[in-house]
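Some notes on the structure that comes next.
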Amino acid sequence: MARKIMRVTRTGGFLAFVFPAFLLVCLAFYIPFLMNAYYAFTDWNGIQRAAKLNGLANFSELLQDTDFFNSVLFTLKFAVGYIALSNAGAILIAVILNRKLRAANAIRAALFIPYILSLVIVGFIWNFILGAGFQSLGELTHLAVFRADWLGDLSLVPWTVISVSVWQSLGFYVLIYHAGLQAIPQEIYEAALLDGAGPSTKFFKITLPMLAPSITSGMFFSLAASIRVYDVIVSLTRGGPGRATSSVTFDIYTEAFSHNRYGYGTAKSLVLLVVVMAFAAVQLRFMKSREVEA
Amino acid sequence: MKRRAIACVIALVLMSATSFAQKTTIKWFANANEYQDYYKQLIAEFNKVEPNIAVDLEITQDDYPSMLKIQINAGNTPDIFNTMLGTEVKAYAEYSADLSSQQWVNNVLPSVLPDIKYQGKVLAVPVVQNGFGIIYNKKMFADAGIASVPKTFKELEADCTKLQAKGITPFGNGFKEWWVFKHIFMNFQAAQSPDVHALNAAFQAGKTKFKDNAILMGYFDMIDLFLKYGPPNSISTDFNGEMNLLGTGKVAMITGQGIWAEPGINKIDPSLQLGIFGIPVNNDPSKTKLVLGADHAWRVNKASPNLVAVNKFLNFWYNSDFSKKYWTELLKATSPIRGTKAADTSMNRDIQAYSDSGNVYPEAQIWSTDAFHQKFGELTQDYITKAKTKTQVISEIELAWAKLGGG
């Protein structure tokens, strides 16, 4: 009996603490989300007063929308490139910085500065560097790197977007992996040293497995960032030339606000949401299963 | 007793407050940052005549249409807001007050009138007139021995070779911008049909095709010419880069621009003598004209409680002595108002000459939505990068017209 009462007061206490937060999240997120989802089933143009329901028409149009599929393709390409480069690059730099270099702190700060800049500004800076900057450098040096059209050549421009995004956020991932490296107990390395392990064995058998929790977060953050990639595209390429660098989010924005097809744009964003949730669930489960405890 | 005295004082204060509160405030949501100072001057002049009407000006350049949609949907429609003319007159019709009976309407240029009407009602106020064409460096043309601006496609190409012989790159192109293409294309639309509205409607209904319109097909030849005689990175050059090319003397002409580019270019080099000429769409000189028209418009919120005040303001703006110097002296632009001369700048003199001789095309771009134009620009970029073939691009433009045209 007493146990039962305790359980009741415990659930009561739990609810009392969680409910205000839950209410706020509902007000700020779930309710607006549901209100917005309604428009996915209408032909609303974002201007008119009345929106007309059109059932699943938006979703069936989506199936034949080559623009949308091309942006999905670009987003995937971007995700693979961005996740691989930013994580591998950050692990490499974090390992180097962990070797008690004298300039380690200065380098870490230098790497982190682009991360505090807004991506829009980063886009404009690189726009200038790759445009006017490279043009002048090309005239001076006659090097092919500078003469290439990094923002106009179809085979180069996806790499430009990936590189600029990696450049901008590398400092953040270095921070994650640096913290992970600090947490690895020194004794393990000493034991390995006694067993005669070389640097590459130590890296692959100790450092990488022990970094697994950091890799999980690094992968998760970079996946989330690459699915959401938008601002760098707006300021760097505007999805162009043509639609060569249009990501899903950029496509949704164009559809809803430039093409004045708010209903259809919302339908696209709903599909994106489902895909993102599926991706995140699979990735988290997979990465969690591979972590080891110290 | 004391309490009553306090009550009296409060009542007095309240009464005087209400008598002073006769002041109406108009909310004006504008989009052109570069005109900010002139708008403030306009308001100051207006307040000299109407001290009891305050105008609350808010300017957003970036992403104006989205911001406006948000305000409208939040039930917070500004008293005066900005849209494009033509198709957007219709899109925002249900929010727009009918201005047909206003005094200023009598002063609007007859050529602009059809663009501000929807279903016979005047729903929009034209902002300025713009001239569109190829901007050129007059001195470079003279140096290359080009006596007069080209009247045909062949002459244009011949002039390009003359410039190249002097070591000058003929064209600078800002082909990263989607809107540059609509400025070029509308020359072909206007040359193709005297009634662009009807031509677009035929495209939207699928009743006509590109291949049935010989002049329209010339658009792609023109793009090819601009690329052939332009610098290699045209596709990744934006508006600023384009102005820079002309301003620093790297090219002799820039494409897809108009009068608004003049101040920017002259900021780079004030000594440049700039001119503008109409795009020679084909080899028939009678088809070469300059596009001149109004594209932006002020709209009045139909549900505004301050309609009387708003109309007073607009009539002051478009009907008073102040309006005569507003466009010419302050804005240095071409006015949509009858009887006012263009500002005296090098390019404006060229535009005035076209206007005086009647050698002008209407601004055809306004009869398609910007949604279409954006798609159109992307598809032309695909044509330039060869991501799609010409046939593919043409059929996709025709599709986009049906889907996004909206005219």
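Chains as they are written, first to last, in the working numbering: chain A, 1 to 294; chain B, 1 to 407.
Beta carbons are placed, not taken as given, at the ideal position from N, Cα and C, and that holds for glycine.
Proximal chain B residues relative to residue i, where beta-carbon distance stays under 7 angstroms
i      : result
P114/A : Those within 7 angstroms of P114/A in chain B number zero; the least Cβ separation is about 22 angstroms.
G55/A  : In chain order: nothing, as chain B lies at least about 19 angstroms away.
The ligand MG heavy atom lying under 6 angstroms from the CB of residue i
i      : result
L290/B : With respect to the ligand MG, the structure shown offers nothing to examine, as it has no ligands at all.
Residue-chain proximity (residue i, chain B), Cβ-Cβ < 7 angstroms
i      : result
S235/A : no
P241/A : yes
I252/A : no
D149/A : yes
L63/A  : no
V275/A : no
L296/A : Because chain A in this structure spans residues 1 to 294, residue 296/A falls outside the shown range and cannot be described.
K288/A : no
Any C-beta of chain A under 7 angstroms from that of residue i
i      : result
I394/B : no
Q374/B : yes
A17/B  : Residue placement at A17/B cannot be trusted, given a pLDDT of 48 that sits under 50; what the coordinates show is reported in the next sentence. With 7 angstroms as the cut-off, A17/B does not count as an interface residue toward chain A.
G241/B : yes
A93/B  : no
E378/B : yes
G407/B : Note that G407/B scores a pLDDT of 46, beneath 50, so its modelled location is shaky and nothing firm can be said.
I235/B : yes
A387/B : yes
L227/B : no
L404/B : yes
T391/B : no
Supposed close pair residue i, residue j - CB separation, criterion 8 angstroms
i      : j      : result
I47/A  : I394/B : The Cβ separation is near 30 angstroms, so there is no contact.
F185/B : Y219/B : 6 angstroms
V128/B : L331/B : 7 angstroms
D115/B : L85/B  : 5 angstroms
N348/B : F153/B : Between F153/B and N348/B the Cβ distance is about 26 angstroms, and since that is not below 8 angstroms, they are no contact.
Q283/A : L223/A : 6 angstroms
G131/B : I276/B : 6 angstroms
Within chain B, the residues that residue i reaches when beta carbons sit closer than 9 angstroms
i      : result
F257/A : D63, P65, S66 and K69
Q48/A  : A91 and E94
Contacts of residue i in chain A (Cβ-Cβ under 7 angstroms)
i      : result
Q381/B : G240, P241 and G242
K139/B : Those do not exist, as K139/B stays about 23 angstroms from chain A at its closest Cβ, beyond 7 angstroms.
Chain A contact residues for residue i, given Cβ-Cβ distances below 8 angstroms
i      : result
D370/B : S258
I72/B  : I47
K117/B : Those do not exist, as K117/B stays about 19 angstroms from chain A at its closest Cβ, beyond 8 angstroms.
Chain B residues whose Cβ lies nearer than 8 angstroms to that of residue i
i      : result
A132/A : G241 and N244
Contact list for residue i against chain A, beta-carbon separation under 9 angstroms
i      : result
I384/B : G152, P241 and G242
L123/B : Those do not exist, as L123/B stays about 14 angstroms from chain A at its closest Cβ, beyond 9 angstroms.
Which runs of the alpha helix (DSSP H) fall wholly inside the stretch 196 to 282 of chain B and span at least 4 residues, in chain order? 196 to 204, 214 to 228, 239 to 247 and 261 to 268
Under 8 angstroms: do the stretch 241 to 258 of chain A and the stretch 70 to 86 of chain A share three or more Cβ pairs, one atom per stretch? yes
Given 8 angstroms, three or more beta-carbon pairs between the stretch 31 to 45 of chain A and the stretch 260 to 267 of chain A: yes
Can we say the stretch 375 to 386 of chain B touches the stretch 230 to 242 of chain A, given the rule of at least three CB pairs closer than 8 angstroms? yes
Are the stretch 290 to 305 of chain B and the stretch 193 to 207 of chain B in contact at 8 angstroms, needing three or more beta carbon pairs? no
Does the stretch 86 to 99 of chain A come close enough to the stretch 140 to 151 of chain A to have 3 or more Cβ pairs within less than 8 angstroms? no
Are the stretch 360 to 368 of chain B and the stretch 154 to 165 of chain B touching, with three or more C-beta to C-beta distances below 8 angstroms? no
Inter-stretch contact at 8 angstroms, needing at least 3 Cβ pairs: the stretch 190 to 203 of chain A / the stretch 101 to 114 of chain A: no
My parser needs the alpha helix (DSSP H) runs of 4 or more residues fully inside the stretch 55 to 142 of chain B; what are they? 64 to 73 and 87 to 91
Below 8 angstroms, can you find three or more Cβ-Cβ pairs linking the stretch 132 to 148 of chain B to the stretch 189 to 196 of chain B? no
Taking contact to mean at least 3 C-beta pairs separated by less than 8 angstroms, is the stretch 228 to 248 of chain B in contact with the stretch 124 to 134 of chain A? yes
So within the stretch 14 to 75 of chain A, which uninterrupted beta strand (DSSP E) runs reach at least 3 residues, ignoring any that extend past its ends? none
Length-filtered (4 minimum) alpha helix (DSSP H) runs lying within the stretch 181 to 249 of chain A: 186 to 194, 212 to 228 and 231 to 236
Taking 8 angstroms as the threshold, find out whether the stretch 98 to 109 of chain B comes into contact with the stretch 312 to 325 of chain B through three or more Cβ pairs. yes
Segment contact, 8 angstroms Cβ cut-off, at least three pairs: the stretch 198 to 208 of chain A with the stretch 112 to 128 of chain A: no
Touch test, the stretch 245 to 263 of chain B against the stretch 129 to 138 of chain B, Cβ-Cβ under 8 angstroms, three pairs minimum: yes
Whole alpha helix (DSSP H) elements within the stretch 295 to 339 of chain B, 4-residue minimum: 307 to 319 and 321 to 325
Is the stretch 49 to 56 of chain B in contact with the stretch 329 to 344 of chain B, if contact means three or more CB pairs nearer than 8 angstroms? no
Output the residue ranges of the alpha helix (DSSP H) runs that lie fully inside the stretch 337 to 394 of chain B and measure 4 residues or longer, sorted by chain position. 346 to 357 and 370 to 385
Indicate whether the contact test is met: 3 or more Cβ pairs, each with one atom in the stretch 237 to 251 of chain B and one in the stretch 298 to 314 of chain B, closer than 8 angstroms. no
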